[in-house]
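K.L.:
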Amino acid sequence: EDQVTQSPEALRLQEGESSSLNCSYTVSGLRGLFWYRQDPGKGPEFLFTLYSAGEEKEKERLKATLTKKESFLHITAPKPEDSATYLCAVQGWNYGQNFVFGPGTRLSVLP
Amino acid sequence: EAGVVQSPRYKIIEKKQPVAFWCNPISGHNTLYWYRQNLGQGPELLIRYENEEAVDDSQLPKDRFSAERLKGVDSTLKIQPAELGDSAVYLCASSSGLRSSYEQYFGPGTRLTVT
Numbered sequence: 192e193d194q195v196t197q198s199p200e201a202l203r204l205q206e207g208e209s210s211s212l213n214c215s216y217t218v219s220g221l222r223g224l225f226w227y228r229q230d231p232g233k234g235p236e237f238l239f240t241l242y243s244a245g246e247e248k249e250k251e252r253l254k255a256t257l258t259k260k261e262s263f264l265h266i267t268a269p270k271p272e273d274s275a276t277y278l279c280a281v282q283g284w285n286y287g288q289n290f291v292f293g294p295g296t297r298l299s300v301l302p
Numbered sequence: 082e083a084g085v086v087q088s089p090r091y092k093i094i095e096k097k098q099p100v101a102f103w104c105n106p107i108s109g110h111n112t113l114y115w116y117r118q119n120l121g122q123g124p125e126l127l128i129r130y131e132n133e134e135a136v137d138d139s140q141l142p143k144d145r146f147s148a149e150r151l152k153g154v155d156s157t158l159k160i161q162p163a164e165l166g167d168s169a170v171y172l173c174a175s176s177s178g179l180r181s182s183y184e185q186y187f188g189p190g191t192r193l194t195v196t
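Chains as they are written, first to last, in the numbering used here: chain A, 192 to 302; chain B, 82 to 196.
1. In its own chain, which residues sit with a C-beta less than 7 Å from the C-beta of Glu206 of chain A, not counting the 5 before and 5 after it?
2. Is the CB of Thr240 of chain A under 8 Å away from at least one CB in chain D?
3. Along chain A, in chain order, which residues have C-beta atoms closer than 9 Å to that of Phe146 of chain B?
4. Taking only runs of the beta strand (DSSP E) that begin and end inside the segment 83–165 of chain B, which ones reach a length of at least 3 residues, in chain order?
5. With 8 Å set as the bound, which would you pick, yes or no: does the beta-carbon of Ser176 of chain B sit closer than that to a beta-carbon of chain A?
6. Mind checking whether the beta-carbon of Leu224 of chain A lies closer than 7 Å to any heavy atom of the ligand COA?
7. Under 8 Å between the Cβ atoms of Tyr171 of chain B and Trp115 of chain B?
8. Could you please give the first and the last residue of the uninterrupted beta strand (DSSP E) stretch that includes Phe263 of chain A?
9. Going by DSSP in three states, Asn289 of chain A sits in which element: helix, strand or coil?
10. Roughly how many whole angstroms lie between the Cα atoms of Gln194 of chain A and Gly293 of chain A?
11. Check Glu249 of chain A in the structure and name its three-state DSSP category.
12. Under 7 Å Cβ-Cβ, which residues of chain A neighbour Pro189 of chain B?
13. What whole-angstrom Cβ distance do Arg297 of chain A and Thr276 of chain A have, given they're in contact under 8 Å?
The following block contains the structure:
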């Protein structure tokens, strides 16, 4: 059974203080790993897709990386507007197009 | 391009009452998903449609939940009767299903409160 865990559960950063969020996964054949951002009261917003170990994707202050067991979302010099819950999801070859989501990391960036 | 549309945004009902949620996916997206998200948790899949066919409903509590996707576009998720434990956010998502883009796009969700 595919599983996803995320750490830390919550993270508080000062504006400009860089850090990383972790997504550890167990899947029988990874089709894709997805990162989403979710603001309070809204649906998840797609950020990145990673398909194979060693792959990296960047968008503004965010960079996602992938290994065979985990993915990291690096946040460089965060701003208060980066505050949100960041969700990781995996899609395995055994379950069609179904995603398995992790519980998320709540990020707060203080000015 | 319009995103995934859901209505209503909020719904408060008493237990044992019925409730229905509506979703209009992104134009051209053949795959549609219904998820339930409890507070502090990630979304959990309830049902997946490929066009009008429900290809995975293994997580749908079929004694009280039902869904339909007529004509392979809009979809409705129904709960009858609702229980206190059904309070959650119900999310709809869609994807094109193409090899180049498996990512799912989500609507704003419907927050259901059962009293």
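Heads up, the beta-carbon is just placed ideally off N, CA and C, and yes, glycines get one too.
P.N.:
For this structure:
1. Pro269, Lys270, Pro271, Val300, Leu301, Pro302
2. No chain D appears in the structure shown, which is made up of the protein chains A and B.
3. Those do not exist, as Phe146 of chain B stays about 17 Å from chain A at its closest Cβ, beyond 9 Å.
4. 86–88, 91–94, 100–105, 112–118, 125–131, 134–137, 146–149, 156–160
5. yes
6. In the structure on display, the ligand COA does not appear, and there are no ligands present to speak of.
7. yes
8. 261–266
9. coil
10. 8 Å
11. strand
12. Lys233, Gly234
13. 5 Å
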